[in-house]
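For the working numbering, add 34 to where a residue sits in the sequence shown, where the first one is 1. For reference, the structure discussed in these notes is given below.
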Amino acid sequence: TPWTVEVTGMVQKPAKYALDDLLRGVTMEDRIYRMRCVEGWSMVIPWHGFPLATLIRRLQPLPSAKFIEFKTLLDPVRMPGQGRDILNWPYSEGLRMDEATNELALLAIGVYGKAGPAQNGAPLRLITPWKYGFKGVKAIVRIHFTDTMPVSSWMEAYPQAYGFYANVNPAVHHPDWSQASE
């Protein structure tokens, strides 16, 4: 079955879209971004995708929409980690609308200039290079526009360590370890 993305909430064009329809006419870009994890590692990744702002403009959120929430596919057979009870699945993440429309925010469909494998978040993954890696929700199937800050999966599971903003800041430590170095 073709991949679909449900768009809901405070938006002029709510619907369930086939991924091919969302990508039609979009110019893909290759961007090299460093991703830093709260667990103290980082890597440089050559993402292939398009600006999130391009999709947001196409969907036409209402002026009252202040946040955007993303949900991942819920399929423990294909994603065995979802069988673990660390988080309430499906995984969810969110951004303020000004962050979502930042020119650096990217919806990746792959790596190294082509469609990516499932382990890289295919077929649609959020990339925000100024934030920690857990903000990069993978396998997106739902985009919800709202006026209320969404509670993301890690905020719910461990709010002392994982806040909504999660901007990379080596001076702000995780409760269990230092973020000063990688």
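For every residue, glycine included, the Cβ atom is placed at its ideal position computed from N, Cα and C.
Report the residue from P157, G43 and M131 whose alpha carbon sits nearest the alpha carbon of K100.
When only C-alpha atoms are compared, the closest one is M131.
Give me whichever residues DSSP pairs with R68 in a beta bridge.
DSSP, once it has assigned bridges, lists V78 as partnering R68.
Residues bridged to H19 by DSSP?
Outside the displayed span of the chain (35 to 216) sits residue 19, for which this structure offers no information.
Grab me the residues of L86's own chain with a C-beta within less than 6 angstroms of its C-beta, minus the 5 sequence neighbours each way, in chain order.
Once the five neighbours on either side are set aside, the close Cβ partners of L86 are A134, A139 and L141.
Taking C-alpha atoms, which residue in G150, E137, R68 and A200 lies nearest to A173?
Answer by Cα proximity: G150.
Among I102, E103 and G117, which has the Cα closest to the Cα of D109?
Minimum Cα distance to D109 is reached at G117.
Under 6 angstroms Cβ to Cβ from S187, same chain only, skipping five residues before and after it: list those, please.
So the list reads L121, Y125 and S126, once near-sequence residues are dropped.
In chain order, what residues of the same chain lie with their CB nearer than 6 angstroms to the CB of L57, ignoring the 5 residues before and after it?
Excluding sequence neighbours, L57 sits near nothing in its chain.
Flag this pair as yes or no: are the beta carbons of G170 and L160 separated by less than 9 angstroms?
A contact, by the Cβ cut-off of 9 angstroms.
How many Å lie between Q213 and Y192 at the Cα?
Rounded to whole angstroms, Q213 to Y192 spans 17 angstroms at the Cα level.
Mapping the DSSP letters down to three states, classify E26 as helix, strand or coil.
Outside the displayed span of the chain (35 to 216) sits residue 26, for which this structure offers no information.
Measuring CB to CB, does T162 end up less than 9 angstroms from N203?
Their beta carbons are not under 9 angstroms apart, which means T162 does not touch N203 by this criterion.
Using 8 angstroms for Cβ pairs, my map puts L96 next to V45. What's the rounded Cβ distance?
Confirmed, about 7 angstroms.
Relative to the C-alpha of W78, which residue among F84, V72 and R68 is closest?
According to the sequence shown, residue 78 is Val rather than Trp. Cα-wise, what sits closest to V78 is R68.
I need the straight-line Cα distance from R217 to G144, nearest angstrom please.
The chain is shown from 35 up to 216; residue 217 falls before or after that span and cannot be answered.
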